[in-house]
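Engineer:
There are 2 protein chains.
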Amino acid sequence: MIKLNDRTYTCPIDVTLGFIAGKWKLLILSHLHRFNKKSYVEIRNNLPGVSEKMLSQQLKELERDNLIEKTVLSLKPYRVEYFLSDEGKSLAPLYEFLSEWGINYLKANGINYLKDQQLYK
Amino acid sequence: MIKLNDRTYTCPIDVTLGFIAGKWKLLILSHLHRFNKKSYVEIRNNLPGVSEKMLSQQLKELERDNLIEKTVLSLKPYRVEYFLSDEGKSLAPLYEFLSEWGINYLKANGINYLKDQQLYK
DNA sequence: TCAATAACTTACCAAAAAGTAGGGCTCAAA
DNA sequence: TTTGAGCCCTACTTTTTGGTAAGTTATTGA
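The listed protein sequences correspond, in order, to chains A and B.
For the first sequence, position 77 matches number 76 in numbering that gives the first Met the number 0, and the numbering has no gaps at all.
For the second sequence, position 53 matches number 52 in numbering that gives the first Met the number 0, and the numbering has no gaps at all.
Listed below in structure tokens is the structure:
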């Protein structure tokens, strides 16, 4: 068993999963991976069904875990821009793989999803 | 939005996650990836903290989703052997990546985890 | 001056996931 | 003949996660 920051893990995979578990996290991360910088509202518009609560909660956790960062563009009014940190970028192969595998699975089931089609609509 | 088997997905990543979400699934899969074939009890012994209920439930879902298969070695007494299906093997890069990333993270935090050390103890 | 937009919070509630604690069957070994 | 191992299943409860609905501050545009 591995102990780190008051938590216990059975193996390294468990450790990694601790960062990306959560219904919207990988969706947010891969979105930022694909589009680089995005405002709060832009992210929201690309996650159909996400609530304000969930979005800000998950963004907050991702920030806390250093997978994303934000630039405050202006304080009054408050405007921000989210983007992947180096740590978040280091998970890029994961975003790519999960996406590719999903596309292949869909193809095998008769759905042709183009990688760069307008997403999340 | 993507519709498949009565479910709705926002993107291919969402589709992939549908197969591997669950507290123990990736742990089971990566264990089988590493050790090839394993009995029920061997898997259980390598997932500290898993309950019988959770284990058989997740095994059942993984079977249903064609990520793992089992050979019935004998009926009386009932003995089985679980292993990755081709579909399950196609996720191998995922198991490897999640593990590597976790090991690196641990290393960056002062914990040296050897890839082949006796796991899950 | 009123509505709309952006970027959030908060309190409360529902649903989903996971844990607890048992039971059941078969066989082999003690 | 009792115990233990192996491979599960079920009812029930708890915990975790996610959803609803509303409110906040600030600014711009009609």
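Glycine is no exception: its CB is placed at the ideal position from the N, C-alpha and C atoms.
Does the Cβ-Cβ distance between Lys24 of chain A and Glu60 of chain A come in under 9 Å?
Structural biologist: Counting from 1 along the first sequence, the entry for residue 24 of chain A is found at position 25. Counting from 1 along the first sequence, the entry for residue 60 of chain A is found at position 61. Going by C-beta atoms, Lys24 of chain A is nearer than 9 Å to Glu60 of chain A.
Engineer: Give a yes or no on whether 9 Å exceeds the smallest Cβ distance from Glu99 of chain B to chain A.
Structural biologist: For the purposes of this step, residue 99 of chain B is taken as residue 100 along the second sequence, with counting starting at 1. So, interface residue.
Engineer: For chain A, is any of its Cβ atoms less than 9 Å away from the one on Gly48 of chain B?
Structural biologist: Here residue 48 of chain B refers to the residue found at position 49 when the second sequence is read from its first residue. Output row for Gly48 of chain B: interface = yes.
Engineer: Taking only runs of the beta strand (DSSP E) that begin and end inside the region 58-87 of chain A, which ones reach a length of at least 3 residues, in chain order?
Structural biologist: Within the region 58-87 of chain A, the complete beta strand (DSSP E) runs of at least 3 residues are 67-73 and 78-83.
Engineer: If I measure Cβ to Cβ from Leu3 of chain A and keep anything under 8 Å in the same chain, skipping five residues before and after, which residues do I get?
Structural biologist: What you label residue 3 of chain A is simply residue 4 of the first sequence in a count that begins at 1. Cβ neighbours of Leu3 of chain A beyond the five flanking positions: Val14.
Engineer: For Leu90 of chain B, which beta-bridge partners are listed by DSSP?
Structural biologist: For the purposes of this step, residue 90 of chain B is identified with residue 91 of the second sequence, where counting begins at 1. None; Leu90 of chain B has no bridge partner.
Engineer: According to the neighbour-count rule (16 or more other Cβ atoms, all chains shown, within 10 Å of its Cβ), is Tyr8 of chain B buried or exposed?
Structural biologist: In the second sequence, counting from the first residue as 1, residue 8 of chain B sits at position 9. Under this definition Tyr8 of chain B is a buried residue.
Engineer: Mind checking which residues open and close the alpha helix (DSSP H) that includes Leu25 of chain B?
Structural biologist: Residue mapping note: residue 25 of chain B aligns to position 26 of the second sequence, counting from 1. Run containing Leu25 of chain B: Lys24 to Phe34, per the alpha helix (DSSP H) assignment.
Engineer: Rounded to whole angstroms, how far is the Cβ of Glu86 of chain B from the Cβ of Asn65 of chain B, which I believe are closer than 8 Å?
Structural biologist: Here the question's residue 86 of chain B lines up with position 87 in the second sequence. Here the question's residue 65 of chain B lines up with position 66 in the second sequence. Right, the Cβ-Cβ distance comes to about 5 Å (below 8 Å), so this counts as a contact.
Engineer: Does the beta-carbon of Lys36 of chain A, which I'm using as the reference point, lie nearer than 8 Å to any heavy atom of the ligand COA?
Structural biologist: No copy of the ligand COA appears in this structure; indeed no ligand is present at all.
Engineer: List the DSSP bridge partners of Thr15 of chain A.
Structural biologist: In the first sequence, counting from the first residue as 1, residue 15 of chain A sits at position 16. Bridge partners of Thr15 of chain A: none, in fact.
Engineer: Give the C-beta separation of Gln57 of chain A and Ile27 of chain A to the nearest angstrom, bearing in mind that I take them to be a contact with Cβ-Cβ under 8 Å.
Structural biologist: Within the first sequence, residue 57 of chain A is the residue found at index 58, counting from 1. Within the first sequence, residue 27 of chain A is the residue found at index 28, counting from 1. Between Ile27 of chain A and Gln57 of chain A the Cβ distance is about 6 Å, and since that is below 8 Å, they are a contact.
Engineer: If we count the other Cβ atoms within 10 Å of its Cβ and call it buried at 16 or more, is Leu93 of chain B buried or exposed?
Structural biologist: The count along the second sequence starts at 1 and reaches residue 93 of chain B at position 94. Leu93 of chain B comes out buried.
Engineer: Using a Cβ-Cβ distance under 9 Å, would Tyr77 of chain A count as near chain B?
Structural biologist: Here residue 77 of chain A corresponds to residue number 78 of the first sequence, with the count starting at 1. Closer than 9 Å: no.
Engineer: With a CB to CB cut of under 6 Å and the five nearest residues on each side skipped, what residues in its chain are close to Met0 of chain A?
Structural biologist: Reading the first sequence from its first residue, position 1 is the one you call residue 0 of chain A. Only Thr7 meet the Cβ criterion.
Engineer: Does any residue of chain B have a CB that is nearer than 9 Å to the CB of Leu83 of chain A?
Structural biologist: Within the first sequence, numbered from 1, the residue matching residue 83 of chain A stands at position 84. No, Leu83 of chain A lies away from the interface with chain B (no Cβ there is under 9 Å from its Cβ).
Engineer: For Tyr8 of chain B, does the three-state DSSP call read helix, strand or coil?
Structural biologist: Translated into the one-based positions of the second sequence, residue 8 of chain B becomes position 9. Three-state result, Tyr8 of chain B: strand.
Engineer: Got a sec, what are the start and stop residues for the alpha helix (DSSP H) Ile1 of chain B sits in?
Structural biologist: As a position in the second sequence, residue 1 of chain B is number 2, starting the count at 1. Careful: Ile1 of chain B lies outside any alpha helix (DSSP H), inside the beta strand (DSSP E) at Ile1 to Leu3.
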